[in-house]
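Student:
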Amino acid sequence: MELAGKTAVITGGSDGIGYHICLKLAAAGCNIAALGRDAARLSAVAEAATAAGAPKAAGLACDMRARHEIETTTSQILADFDAVDIVINNAGIWHKTGPLDTIDPQMLEDTVATNLTGAMQLTRAFLPGLRNRPDAAILNVVSKSGVLAQAGQSVYTATKYGMRGFTDVLKEDEADSGVRVAGLYQSGTNTGMFAKAGEDVPNHIFTEPDDLADVVVFMLSRPAKLWMHEVRVEL
Ligand SMILES: NC(=O)c1ccc[n+]([C@@H]2O[C@H](COP(=O)([O-])OP(=O)(O)OC[C@H]3O[C@@H](n4cnc5c(N)ncnc54)[C@H](OP(=O)(O)O)[C@@H]3O)[C@@H](O)[C@H]2O)c1
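FYI, in my numbering the residues of the sequence shown are 7 to 241.
1. Glu205 to Asn138, Cα distance in whole Å?
2. Considering only heavy atoms of ligand 1, does any lie closer than 8 Å to the CB of Trp100?
3. Mapping DSSP to helix, strand and coil, what is Gly192?
4. Roughly how many whole angstroms lie between the Cα atoms of Ala14 and Asp217?
5. Less than 9 Å separating the beta-carbons of Ala188 and Asn121?
6. So, under 8 Å CB-CB, Gly42 and Gly65 are touching, yes? Tell me the CB distance rounded to an integer number of Å.
7. Whole beta strand (DSSP E) runs in the region 92 to 153 with 3 or more residues, listed along the chain?
8. Report all residues from its chain with a CB closer than 7 Å to the CB of Arg47; omit the five preceding and five following residues, and keep chain order.
9. Under 9 Å, do Thr165 and Thr129 count as touching if we go by C-beta distance?
10. Could you check if Ser49 is buried or exposed, using at least 16 other CB atoms within 10 Å of its CB as the buried criterion?
11. Does the Cβ of Ala259 have 16 or more other Cβ atoms within 10 Å, making it buried, or fewer, making it exposed?
12. Just verifying my parser: in three-state terms, what is the DSSP assignment at Leu232?
13. Give the DSSP bridge partners of Arg43, in chain order.
14. Whole angstroms are fine: how far does the CA of Ala33 sit from the CA of Val222?
15. Can you list, in chain order, the stretches of the alpha helix (DSSP H) that have 4 or more residues and sit fully within the region 17 to 70?
16. Taking Cβ to Cβ, would you say Ala97 is nearer than 9 Å to Met126?
17. Does ligand 1 have a heavy atom nearer than 8 Å to the CB of Phe212?
18. With C-beta atoms as the reference, is Trp100 less than 9 Å away from Met199?
19. Comparing the C-beta of Glu236 with each C-beta of chain C, is any distance below 9 Å?
20. If you reduce the DSSP assignment to three classes, tell me which class Ala14 lands in.
21. Looking at the unbroken alpha helix (DSSP H) that takes in Glu75, where does it start and where does it end?
22. Within the same chain, show all residues whose beta-carbon is closer than 8 Å to that of Gly104, passing over the 5 residues directly before and after it, in chain order.
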């Protein structure tokens with residue numbers, strides 16, 4: 007896909023991996039709509055994306071747990087940017103590890119709503135428009151936890167296995183529509199995700215988010231006849 011001039015929506019674009027994806031896609035000439043909840047971080051990513059080369063960039067507040075916010079924000083993006091070519095489902099949270107009964111029930115709901123339900127609702131809202139584009143893609147930043155069961159991460163892993171199933175079926179459903187679908191299954195990445203959950207995870211062997219964003223740009227920028235629908239990044 008030729009990236010210059012395309013419009014990309016990146017959930018969780020205000021921090022971590024999503025932030026770096028915004029900057030790399032901006033440098034490739036994409037318009038950027040970055041989603042998150044923190045107003046200051048959203049302004050910062052819009053400003054940085056413009057400086058990196060995005061013809062147009064905006065940071066939009068949208069809580070991925072709230073269906074009405076997703077509906078309002080997706081409508082606003084379609085009005086402001088005319089059309090969307092690339093959807094990157096990346097927003098996600100992680101919970102402290104432990105047996106299921108130690109995971110806070112609100113955290114359980116938030117993890118499912120943010121990592122899985124919200125991504126499906128947002129994709130659902132953009133899908134009809136994507137089908138009308140000459141070149142369109144949905145790329146889901148999932149996790150190694152979408153293919154591997156690790157102790158203590160039952161809820162997080164459930165959302166990531168769910169995202170893998172969603173990705174695989176979407177790919178089949180859209181096979182004739184021209185909308186290409188991909189999943190990225192990466193291991194530990196050096197962001198604040200674990201600290202936000204109150205866990206101090208050793209990160210010296212972790213992938214850098216900037217390097218992972220290069221992988222995303224590489225996947226998206228392949229020619230139509232060479233689509234990388236599933237990529238695993240791990241040591
Ligand atoms: N870091 C890793 O080791 C790792 C490994 C494998 C997979 N992943 C996956 O990669 C993705 C990105 O993770 P990351 O490491 O970049 O995490 P991060 O640095 O914590 O960033 C998470 C992003 O998601 C947004 N977000 C969280 N909850 C949200 C909500 N309710 N509504 C809207 N936005 C929300 C955050 O924005 P605000 O908080 O400002 O709203 C932020 O922009 C996630 O899906 C994660 O599961 C990460």
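Note that the Cβ used here is the ideal one computed from N, Cα and C, for glycine as well. Bear in mind that the values here come from a model prediction, so they are computed numbers and not experimental data.
Tutor: Concretely, from the data shown:
1. 44 Å
2. yes
3. This sequence places Gln at residue 192; Gly is not what is there. Of the three classes helix, strand and coil, the one that applies to Gln192 here is strand, per DSSP.
4. 19 Å
5. no
6. 7 Å
7. 92 to 95 and 142 to 147
8. Ser20 and Asp21
9. no
10. exposed
11. Absent from the structure is residue 259, since the part of the chain shown begins at 7 and ends at 241.
12. coil
13. None, per the DSSP bridge assignment.
14. 13 Å
15. 22 to 33 and 45 to 58
16. no
17. yes
18. yes
19. Although the question refers to chain C, the structure presented lacks it and comprises just one protein chain.
20. strand
21. Arg73 to Phe87
22. Gly158
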